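Working notes, structure below.
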Ligand SMILES: [Zn+2]
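In our numbering, the protein residues as written are 11 to 314.
Set out below in structure tokens:
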């Protein structure tokens with residue numbers, strides 16, 4: 011047999027894939043609107059703990075219908091590269107897998123689908139009708155039924171049981187991007203131009219001050235890499251973390267530094283302790299957020 015055209019190759023790959031899927035009975039491949047009905051009429055439901063064979067990522071980008079699989083992260087994979095190969099977005103992968111961290115570890119298993127959106131799984135011990143799910147995500151139940159390949163009758167009586175999954179197009183989870191580096195409490199000095207209590211002149215206060223007891227743990231507001239950890243003039247003992255988008259966060263006047271330059275730090279990881287080193291009138295954390303160009307931004311706009 012001579013396989014001469016691109017089309018023949020694609021058809022062969024698809025046939026092999028479907029053959030394997032039928033044999034294992036575990037594959038999850040579903041039609042969107044009106045494609046070859048009958049062949050794809052299985053509902054989009056993943057049982058808890060179900061395993062899915064890994065098909066060729068090319069299918070994910072070339073076929074319009076919804077495809078879902080699990081992949082094992084290889085060294086060098088990151089959310090952006092996987093999103094590109096599988097025809098989705100990095101925040102879709104993050105939402106579907108509820109990933110707090112944007113960094114992946116080799117060997118980690120993640121669920122991937124094509125299209126932007128997320129897979130919603132019904133919580134343990136609960137069941138939800140298709141209408142309930144649609145209401146939860148402010149979606150049209152008819153659209154949900156179609157993209158998930160559910161039979162028309164599911165609009166009237168469809169029910170998802172504990173652990174079952176539904177694809178929600180264009181819906182994404184919102185993750186807290188910046189967290190307060192010290193526990194909740196007052197801000198003693200705002201961002202902006204102020205009269206400096208020690209320098210005795212007006213100048214830009216490039217961050218916010220949070221007075222806290224001496225020794226209070228200071229946590230990374232976001233994950234990123236430490237680019238500075240040590241003494242820096244008025245800042246005293248300072249840690250600067252550079253994040254994946256190029257933004258930096260600064261933690262000043264620390265009494266102790268718990269990280270070293272070059273280390274990759276997870277969000278909420280303790281990086282040091284509150285102190286009063288440098289130009290300071292008492293124990294507090296001076297916290298800054300700086301844009302890619304180094305321009306100070308108002309941290310209150312980022313802190314949740
Ligand atoms: Zn300050």
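A virtual CB, placed ideally from N, CA and C, is assigned to each residue, including glycine.
Small disclaimer: the values here were computed from a predicted structure and weren't measured.
{"Item": "Backbone secondary structure at residue 153 - three-state DSSP", "Value": "helix"}
{"Item": "Close beta carbons around residue 238, own chain, < 8 Å, minus the five adjacent residues each side", "Value": "248, 249, 250 and 271"}
{"Item": "Endpoints, beta strand (DSSP E) assigned at residue 121", "Value": "119-123"}
{"Item": "Neighbour-count burial assignment, residue 309, 16 or more Cβ in a 10 Å radius", "Value": "buried"}
{"Item": "Residue range of the unbroken alpha helix (DSSP H) whose run includes residue 251", "Value": "Where residue 251 is concerned, there is no enclosing alpha helix (DSSP H), although the beta strand (DSSP E) it sits in stretches over 247-252."}
{"Item": "Residue 211 classed as buried or exposed, judged by whether at least 16 other C-beta atoms fall within 10 angstroms", "Value": "exposed"}
{"Item": "Bridge-paired residues (DSSP) for residue 296", "Value": "219 and 262"}
{"Item": "Buried or exposed by the 16-neighbour rule on C-beta atoms within 10 Å, applied to residue 47", "Value": "Residue confidence is low: residue 47 scores 30 on pLDDT, short of 50, so the model does not pin down where it sits. Its coordinate-derived value is still stated next. It counts as exposed."}
{"Item": "Residue 282 vs residue 300 beta-carbon contact at 8 Å", "Value": "no"}
{"Item": "Boundaries of the beta strand (DSSP E) in which residue 283 is found, first to last residue", "Value": "280-283"}
{"Item": "For residue 108 and residue 226, the rounded distance between their alpha carbons", "Value": "30 Å"}
{"Item": "Rounded straight-line distance, which links the Cα of residue 208 to that of residue 289", "Value": "8 Å"}
{"Item": "Rounded distance between the beta-carbons of residue 284 and residue 294, thought under 8 Å", "Value": "7 Å"}
{"Item": "Residue 123 Cβ short of 7 Å to ligand 1 heavy atom set", "Value": "no"}
{"Item": "Within 6 Å of ligand 1: residues by beta-carbon to any heavy atom", "Value": "199, 215, 217, 219 and 296"}
{"Item": "Residue ranges of each alpha helix (DSSP H) within the region 74-115, 4 or longer", "Value": "89-95 and 100-107"}
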